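Below you'll find the structure, written out as C-alpha cells, and then a few comments.
In our numbering, the protein residues as written are 35 to 815.
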C-alpha cells in the first residue's frame, strides 16, 4: 500500500493526505552504501496527483521517501513521474561547522556526533577505535556519515529514522548458483585488472621475507597469463612472521577476478534457466551468494550490491551481484589520514603537538636522528641547539639567569658537558654521581647497582612490574626480592616462586573426549563421536586412540545425554582458532564445519596453503604424525571436526585439541578436553540405574532422569504404601502384567530414549488404594 503525507508530518501511522490506489508503476532501487529511492508513475489527471509534489513524503513498503522531483512523462497520456529519496537523506539538511573527536574515539561516539540534533538514531556493532583524531569540518551530516564509511568501511542499513552501521548487513544462507554459459537476462562482467598471483611484501624498516614472494594457488590457472602477475605491497608490520601472515591474507583476496552479475528477472523468466536463479528472489541487500563459475573453475562469493523491486508485483525485477565497493587503497587512505592529521595539527594557525607523536627527523648523511617526538610525547634532540636573539621565552623565564645560578663548569665548544655541578650532583667524565634520580626516561647500556628497585604502573596507578624488593620485611618475615608481574586484572602472573601456569595456557581444550578413552563397551565407538573404534592397540596419549579403517569417518556429535559437545567459539570471542592432533598410519582428511550453514571453514596449513580441507598423508609413527592448522570461526553457532580415512590402510588419531590461536603458528601443550580420561583416572561407568515411583493408574507415563543412547531395561511392579493408615490390610489379588513401551525422541538426527509408557491391560482396576507403580531403569548414557 502506498501513502502520501505532508512534508512536515511526523506521525506516519495514519492514512496521511491520501492512499495512492491508481499507481501505474512503482519501483524501489537500493544500492549497498549508496542510492535508495523510489520511482513511480501516476495518472496526472487524478485528484490525488496534486499531493505528489516536492518535499511531501511517500510511504512505500513501510519505508519513508521524500519527493525531490516530478515531471509529466507523457503529455498525451497524462502520466506524472515522481522521484523520492529515502528519508535518511534528510540528514543532509543538518550541518557540522567543525567537530573534532580525539584519537581513541569509537565508531559509536562518532555516530553520536552525526545524529546529535537530528530525529535519527544511529547504532553500530563495529568496535573499532580510531588511531587518530576524526575531523568533521563544514560538512553536512549525511556526507559525514558516508565519508566515514568510505574511509573506514562498514555497511549501512536504513530503516526510516533508524540507521545501523555494521560490519555487514547481509547474511550467508548457503545460496549457490552455477554460471557456465551466456544467458539472456544475465549480464556478466569479469575484471582482471586487480588480479595478483605473486606478491612481493615489504614491512616497516624495509623488512622482507627470506623467500621474497608469496604465491597464490591460482598462479598457474589456465585462464591467467603464462607468467606470474607480480605486485609489491607494503604492510604496516614490524616482524617477518606477521608480514608473511598479512601477505597470505592479502593475496587470498586479490588472486581472483572481480566478477559482477546483473540479473534481469523480466528477461530471465523467458528462458529455461530461470529455475536455477529463482532463489535469488529471496535475497536481501548485502546477502552473500556462492557463484560456481564453471568456465573459470572458480567458486566466488559475491554480495548483493543492489536491487530493483517492482512494488506492484511484489518481486525483484533486477539484482546485481558482485564484490562490494572497495574502500580507498592504502596509499590514498594514508594521504587522507595525513591530511586529517595536518588539518588538525595546524587548526586555526596553531600547532597542536599532540598529533605529532612519532615524528622523526633523520640526517641523511649520518643516518642519525637529530629530532624526535616519541610515542610517549617525549622530545629528543641530538646535536647543537642554537637559540637566536629574537627568541621569546615564557614570561618569567630567562635561560641566561638560570646559567648564572648553577656551577655548570666549562661548556666545551664541541657541545659536550665536561663537568657540571648541580648541588650535590656531579656529572664528570661520563659518570653521574648522585643520591637520587627522578626522570621520566633513562637511556643507558649496562646498569650496575648494588640494589635496584624498579616499579612500573599502569594508567590507573596499579603496579604491573616490580623488580628488586617485592615485599617489605614484616615482623620475623624477611623482605622478599625478585621480579613480580601482575596482570591488569590484579592476578599474579610471575613472582620468585615461578610462573602461574594459567598464563601459559589461558584457554582449555574444547574437544570432548579428545583422547578417545571413553567409549561404548559394545560398539567401541568413542563417546561424543559418530564412528570409528576406540582401540588400545596404539595410542599417543593415555591408553586408547581412534582407529579409522579405509573409508570410515568420525565427527563430533551434535548432542548426547542432554549435552552439546560441539565447541562454541563465542567462548573465546570467535578469534582465530587452532586445531592440532596426532596421527599414525593411513592418510586422513580433516574438515571443520559450522552449524550456521553446514559449510566447511577455510583451513590454513603451516605452509600457508588455504583450503576447505586438510589432507595429512601417511605417517609411520606418532612423532612423524603431528599436524596443526588454523581457521577463523567467523560464523555464529557451534562447529565440529570430521576425520575421514581417505587412504588404503588403517589410521589412528589421538590428542585432538581446539583452542584460540595463541601465537599464530604452533599449538600450546596438549591438555585433555571435557570428559576425557587422563592416565591416572579410572574410566567412569556409563551405566545408570534409576528408581521411579508413581501413584497407580491403569496407564502411566514417566520421564527418565537421563537420556539414553541405547534402549534401557525397564521393569515395573505394584507396591502398597505400608506407612498409611490402612497398614496391614489385604493388598488384593491383582495378577497384572505391565506392558512397557519406550518413548523415543529425535534430536538433530540422533535418537534418545527419554521415558516409558506403562499400561496394565485386561481387568486392571481403575484405582488401588495407596497403590504405587515402582519402575526400575537400567541403561547406558
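Backbone N, C-alpha and C fix where the C-beta goes; we use that ideal spot for every residue, glycine too. From a predicted model like this one, the values you see are computed outputs, not experimental measurements.
- Distance from the CA atom of residue 709 to the CA atom of residue 552, rounded to whole angstroms, is 8 angstroms.
- Comparing alpha carbon positions, the residue from 110, 655 and 801 closest to residue 753 is 801.
- Take the alpha-carbon of residue 662 and the one of residue 686: they are about 16 angstroms apart.
- The criterion of a C-beta distance shorter than 7 angstroms is not satisfied by residue 339 and residue 51.
- Residue 787 is a Cβ neighbour of residue 745, given a cutoff of 7 angstroms.
- If you ignore the 5 residues before and after residue 60, its C-beta comes within less than 6 angstroms of the C-beta of 74, 345 and 346, all in its own chain and listed in chain order.
- With a threshold of 16 other beta carbon atoms within 10 Å, residue 356 meets it and is buried.
- For residue 35, there is no enclosing beta strand (DSSP E), as DSSP gives it neither H nor E.
- Residue 246 sits in coil when the DSSP states are folded into three classes, being neither helix nor strand.
- Contact between the region 650–665 and the region 599–613 is present: three or more C-beta pairs spanning the two stretches fall below 8 angstroms.
- Its Cα nearest to that of residue 122, the residue 176 stands out among 168, 176 and 80.
- In the structure shown, residue 120 adopts extended strand secondary structure according to DSSP, grouped into three states.
- A direct Cα-to-Cα measurement between residue 106 and residue 83 gives close to 11 angstroms.
- Here the alpha carbon of residue 628 sits roughly 12 angstroms from the alpha carbon of residue 646.
- Sequence-distant Cβ neighbours of residue 596 in its own chain, meaning closer than 6 angstroms and more than five residues away, are 741.
- Counted as a single uninterrupted DSSP element, the beta strand (DSSP E) harbouring residue 356 occupies residues 349–356.
- In this structure, residue 158 lies away from residue 148, with their beta-carbon atoms at least 7 angstroms apart.
- Taking a cut-off of 8 angstroms for Cβ pairs, the region 218–235 and the region 250–266 touch, as three or more such pairs fall below it.
- Per DSSP, residue 49 lies in no beta strand (DSSP E) and is assigned neither H nor E.
- It is roughly 6 angstroms from the alpha-carbon of residue 70 to the alpha-carbon of residue 119.
- For residue 188, the secondary structure class from DSSP, reduced to helix, strand or coil, is coil.
- Rounded to whole angstroms, the Cβ separation of residue 209 and residue 237 is 39 angstroms, and the two are not in contact under 8 angstroms.
- Taking all protein chains in view, the Cβ of residue 750 is crowded by 16 or more other Cβ atoms within 10 Å, so the residue is classified as buried.
- In this model, residue 258 and residue 605 are separated by some 43 angstroms (Cα to Cα).
- Taking C-beta atoms as the reference points, residue 195 and residue 154 count as a pair closer than 7 angstroms.
- For residue 133, the secondary structure class from DSSP, reduced to helix, strand or coil, is strand.
- Under the DSSP definition of a beta bridge, residue 60 partners with 74.
- With distances taken between CA atoms, residue 297 lies nearest to 223 out of 223, 591 and 254.
- DSSP assignment within the region 530–589 yields the following whole beta strand (DSSP E) runs of 3 residues or more, N-terminal first: 567–569, 579–582 and 587–589.
- With fewer than 16 other Cβ atoms inside 10 Å of its own Cβ, residue 723 counts as exposed.
- Straight-line measurement puts the Cα of residue 692 at about 11 angstroms from the Cα of residue 703.
- Shown here, residue 43 sits in coil according to DSSP, grouped into three states, outside any helix or strand.
- By the CB criterion at 7 angstroms, residue 575 and residue 688 fall inside the cutoff.
- Distance from the Cα of residue 772 is smallest, within the candidate group 318, 690, 797 and 779, for 797.
- Annotation for residue 93: the continuous beta strand (DSSP E) segment containing it runs 91–94.
- If you draw a 10 Å sphere on the C-beta of residue 64, you find 16 or more other C-beta atoms in it, and that means buried.
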